[in-house]
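Chains as they are written, first to last, in the working numbering: chain Y, -7 to 154; chain V, 949 to 1239.
In this text, a Cβ means the ideal position worked out from N, Cα and C, and glycines have one as well.
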């Protein structure tokens, strides 16, 4: 079956590859771009660990083929902080509020919350809970994560839509 | 890589997409947002030799009032429907129901047409399309035709579209006058497919009599269901005489294929369904009376 050329900008860097159409965007990012911060949990759209931003929209990278992202601008967890070694506002809030334990789900949470706070800079409690409902954490529980979102929202500076 | 290999096609027009479907035959499947199809491919519940990606077909996207209906291109994302002022003013039921679809990350990719063509009985848009008498615009290499929602849903994940036909858009009738809408679902977690749910629209005349009503049922059959018997009983009655619990009970009458599985017995789903209809009715009728 035919391979297809793909051009994607990942965290500001241009990438060109020729891939099998069945390669998911998640596998493209992890295996070809070597950006292994995007985690794969369930690989069928339930857990949310693989969430990345495609043209600014938070999406499940396991439910999208890399070929569908041709021409798109992709941001992964490696691209959310302004410089190497820094943390974004959302990342710092997760650290401060014990919003992670094992860390497996964290990249998905951070990407989803980053997009959510950009679109809802002053969220209600209910909006935060609803925004978190699409990502699963199986160890630390959601209270610390909820507090992290509240802190990041109160800190402001959660960015503009690209 | 979890899905089986396939060839990938990216038509730029609906006509090209339809031509590809005709040419490639049964081994081809339309890929829209992929939020239902890709999990099925990943689990190999479905295998196709060809995927025809309509994501880049501009004419299949958009939301606009056309005559007395609201046309929505099949490839329009659910997120766009959710945010649309046009939808909110013309067909508020769409705006109300959209947040119940999956999670915002899913709605960023999932499409209106994908949801309706997938025809899951527990999904939201099929129930709304059925209840509001939407019109499906279908195109193939032989030409275009329309299918009434009432003739569209044929069985579990099955529609009356032919394999070489593409759902291009859906037109939802615009209700004017004193109208009200309500949506209720019961799910174990927000974003899960509902155990049971209801979408209700009510229109009242100046004397508070029910001019028309539409009751769509979610997760209560092998197709989306519509409580036609209940609707017929309600039309013409003064809304103040109607007890919401009676509407719920009436709406459950005659349902023949209620799912019965580990998520809930058929009996439980019927009880939940009646409660959801009653609550949605309460919201919708109160809104209509204010209107």
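Mind the definition here: the segment 1083 to 1096 of chain V touches the segment 73 to 90 of chain Y only if three or more C-beta pairs lie below 8 Å; say whether that holds. Cβ pair count under 8 Å is below three, so no.
Helix, strand or coil, according to DSSP, for residue 8 of chain Y in the structure here? Translated into the one-based positions of the first chain, residue 8 of chain Y becomes position 16. Residue 8 of chain Y falls in the strand class under three-state DSSP.
Cβ neighbour criterion (16 or more within 10 Å) applied to residue 1006 of chain V: Here residue 1006 of chain V corresponds to residue number 58 of the second chain, with the count starting at 1. Here residue 1006 of chain V is exposed, its C-beta having fewer than 16 other C-beta atoms within 10 Å.
Is the shortest distance between the beta-carbon of residue 24 of chain Y and the beta-carbons of chain V less than 8 Å? The residue labelled residue 24 of chain Y in the question sits at position 32 within the first chain. Judged by the 8 Å Cβ criterion, residue 24 of chain Y is not in contact with chain V.
Where do the N-terminal and C-terminal ends of the alpha helix (DSSP H) with residue 967 of chain V fall, by residue? To locate residue 967 of chain V, count along the second chain from 1; it is residue 19. Where residue 967 of chain V is concerned, the enclosing alpha helix (DSSP H) stretches over 962 to 972.
Interface positions of the segment 1093 to 1104 of chain V facing chain Y (Cβ-Cβ less than 9 Å), listed along the chain: Identification of residues in the segment 1093 to 1104 of chain V having a C-beta nearer than 9 Å to some C-beta of chain Y yields an empty set.
Would you say residue 13 of chain Y reaches chain V, if we count a Cβ-Cβ gap shorter than 8 Å as a contact? If you number the first chain from 1, residue 13 of chain Y lands on position 21. At least one C-beta of chain V is nearer than 8 Å to the C-beta of residue 13 of chain Y.
Please name the residues in the segment 1112 to 1144 of chain V whose beta-carbon is closer than 7 Å to at least one beta-carbon of chain Y, in chain order. Listed by position, the residues of the segment 1112 to 1144 of chain V near chain Y (Cβ gap below 7 Å) are 1137, 1138 and 1139.
Excluding the 5 residues preceding and the 5 following residue 1072 of chain V in the sequence, name in chain order all residues of the same chain whose CB lies nearer than 6 Å to its CB. In the second chain, residue 1072 of chain V corresponds to position 124, counting from 1. Here the set comprises 1045, 1048 and 1049.
Could you name the residues of chain Y that residue 986 of chain V contacts, counting a contact when the two beta carbons are closer than 9 Å? Indexing the second chain from 1 puts residue 986 of chain V at position 38. Residues of chain Y whose Cβ lies closer than 9 Å to the Cβ of residue 986 of chain V are, in chain order, 16, 36, 37, 52, 54, 55, 56 and 57.
Can you confirm whether the segment 1106 to 1126 of chain V touches the segment 1207 to 1225 of chain V when touching is taken to mean that 3 or more C-beta pairs between the two stretches lie within less than 8 Å? The segment 1207 to 1225 of chain V makes no contact with the segment 1106 to 1126 of chain V, as fewer than three CB pairs between them are under 8 Å.
Host beta strand (DSSP E) of residue 956 of chain V (start-end): Against the second chain, residue 956 of chain V aligns to sequence position 8. Residues 955 to 957.
Using 8 Å as the limit for Cβ to Cβ distance, is residue 1052 of chain V near chain Y? Working through the second chain from its first residue, we reach residue 1052 of chain V at position 104. Judged by the 8 Å Cβ criterion, residue 1052 of chain V is in contact with chain Y.
Look at the alpha carbon of residue 1195 of chain V and the alpha carbon of residue 1184 of chain V, and state the distance between them as a whole number of angstroms. Within the second chain, the letter at position 247 stands for residue 1195 of chain V. Within the second chain, the letter at position 236 stands for residue 1184 of chain V. In this model, residue 1195 of chain V and residue 1184 of chain V are separated by some 14 Å (Cα to Cα).
Note down the Cα distance separating residue 968 of chain V from residue 122 of chain Y, rounded to an integer number of angstroms. In the second chain, the residue the question calls residue 968 of chain V occupies position 20. In the first chain, the residue the question calls residue 122 of chain Y occupies position 130. Taking the straight line joining both Cα atoms gives about 40 Å.
Taking DSSP as the reference, what is the three-state secondary structure of residue 34 of chain Y? Here residue 34 of chain Y refers to the residue found at position 42 of the first chain. In the three-state scheme derived from DSSP, where H, G and I count as helix and E and B as strand, residue 34 of chain Y is classed as coil.
Distance check for residue 1075 of chain V and residue 1167 of chain V, CA to CA, integer angstroms please. As a first step, residue 1167 of chain V must be located in the second chain, where it is residue number 219. As a first step, residue 1075 of chain V must be located in the second chain, where it is residue number 127. Distance from the CA atom of residue 1167 of chain V to the CA atom of residue 1075 of chain V, rounded to whole angstroms, is 9 Å.
Inter-residue Cα distance where the pair is residue 1171 of chain V and residue 1053 of chain V: To locate residue 1171 of chain V, count along the second chain from 1; it is residue 223. To locate residue 1053 of chain V, count along the second chain from 1; it is residue 105. Distance between the alpha carbons of residue 1171 of chain V and residue 1053 of chain V is about 26 Å.
Quick one: does residue 1220 of chain V have its CB under 8 Å from some CB of chain Y? Residue 1220 of chain V sits at position 272 when you count from the first residue of the second chain. By this cut-off, residue 1220 of chain V is not an interface position.
Whole angstroms is fine: what's the gap from residue 1239 of chain V's alpha carbon to residue 1078 of chain V's? Within the second chain, residue 1239 of chain V is the residue found at index 291, counting from 1. Within the second chain, residue 1078 of chain V is the residue found at index 130, counting from 1. CA-CA distance, residue 1239 of chain V to residue 1078 of chain V, rounds to 24 Å.
Please report the distance separating the alpha-carbon of residue 1212 of chain V from that of residue -2 of chain Y. Here residue 1212 of chain V refers to the residue found at position 264 when the second chain is read from its first residue. Here residue -2 of chain Y refers to the residue found at position 6 when the first chain is read from its first residue. In this structure, the straight-line span from the alpha carbon of residue 1212 of chain V to that of residue -2 of chain Y is close to 45 Å.
Put residue 1101 of chain V into one of helix, strand or coil per three-state DSSP. Locating residue 1101 of chain V in the second chain gives position 153, where the first residue counts as 1. Residue state, collapsed to three classes: strand.
Taking buried to mean at least 16 other C-beta atoms within 10 Å of its own C-beta, is residue 60 of chain Y buried or exposed? The residue given as residue 60 of chain Y occupies position 68 in the first chain. Counting Cβ neighbours within 10 Å, residue 60 of chain Y comes out buried, since at least 16 surround it.
Tell me which residues share the same chain as residue 1122 of chain V and place their Cβ nearer than 8 Å to its Cβ, disregarding the 5 neighbours each side in the sequence. By one-based count along the second chain, residue 1122 of chain V stands at place 174. The beta carbon of residue 1122 of chain V is closer than 8 Å to those of 1013, 1016, 1017, 1018, 1038 and 1039 in its chain, skipping five residues each way along the sequence.
Based on the DSSP output, what are the partners of residue 1092 of chain V in its beta bridges? Within the second chain, residue 1092 of chain V is the residue found at index 144, counting from 1. Assignment of beta-bridge partners to residue 1092 of chain V by DSSP yields V:1087.
Three-state secondary structure (DSSP) of residue 1129 of chain V: Numbered from its first residue, the second chain carries residue 1129 of chain V at position 181. Of the three classes helix, strand and coil, the one that applies to residue 1129 of chain V here is strand, per DSSP.
Within-8 Å CB hit, residue 19 of chain Y to chain V: Taking the first residue of the first chain as position 1, residue 19 of chain Y is located at position 27. Closer than 8 Å: yes.
Residue from Y:51, Y:128, Y:148 and Y:78 with nearest C-alpha to residue 65 of chain Y: For the purposes of this step, residue 65 of chain Y is identified with residue 73 of the first chain, where counting begins at 1. Checking every option, the nearest Cα to that of residue 65 of chain Y belongs to Y:51.
Does the Cβ of residue 133 of chain Y have 16 or more other Cβ atoms within 10 Å, making it buried, or fewer, making it exposed? On the first chain, residue 133 of chain Y is found 141 positions in, with the first residue counted as 1. Classification of residue 133 of chain Y: exposed, given that the 10 Å Cβ count is below 16.
Would you report the Cα separation of residue 949 of chain V and residue 1090 of chain V, rounded to the nearest angstrom? Position 1 of the second chain, counted from the first residue, corresponds to residue 949 of chain V. Position 142 of the second chain, counted from the first residue, corresponds to residue 1090 of chain V. If you draw a straight line from the Cα of residue 949 of chain V to the Cα of residue 1090 of chain V, it is about 36 Å long.
Spell out whether any CB of chain Y is found under 8 Å from the CB atom of residue 1016 of chain V. Stepping through the second chain from its first residue, residue 1016 of chain V is reached at position 68. No, its Cβ sits nowhere closer than 8 Å to a Cβ of chain Y.
Cβ-Cβ separation, residue 1187 of chain V to residue 1158 of chain V (assumed contact under 8 Å), whole Å: Taking the second chain and counting its residues from 1, one reaches residue 1158 of chain V at position 210. Taking the second chain and counting its residues from 1, one reaches residue 1187 of chain V at position 239. The C-beta distance from residue 1158 of chain V to residue 1187 of chain V rounds to 6 Å, short enough to meet the 8 Å contact threshold.
Taking all protein chains shown into account, do 16 or more other C-beta atoms lie within 10 angstroms of the C-beta of residue 1177 of chain V, making it buried, or fewer, making it exposed? Within the second chain, the letter at position 229 stands for residue 1177 of chain V. Here residue 1177 of chain V is exposed: its Cβ has fewer than 16 other Cβ atoms, across all protein chains shown, within 10 Å.
Fully enclosed by the segment 964 to 1026 of chain V, which beta strand (DSSP E) runs are 3 residues long or longer? Counting whole runs of 3 or more residues, the segment 964 to 1026 of chain V contains the beta strand (DSSP E) stretches 976 to 979, 998 to 1001, 1011 to 1014 and 1017 to 1021.
Taking only beta-carbon positions, decide if residue 1196 of chain V is within less than 8 Å of chain Y. Here the question's residue 1196 of chain V lines up with position 248 in the second chain. It does not: the Cβ of residue 1196 of chain V has no partner Cβ on chain Y nearer than 8 Å.
Would residue 117 of chain Y count as contacting chain V if we go by Cβ distances under 8 Å? Locating residue 117 of chain Y in the first chain gives position 125, where the first residue counts as 1. Closer than 8 Å to the CB of residue 117 of chain Y there is not a single CB belonging to chain V.
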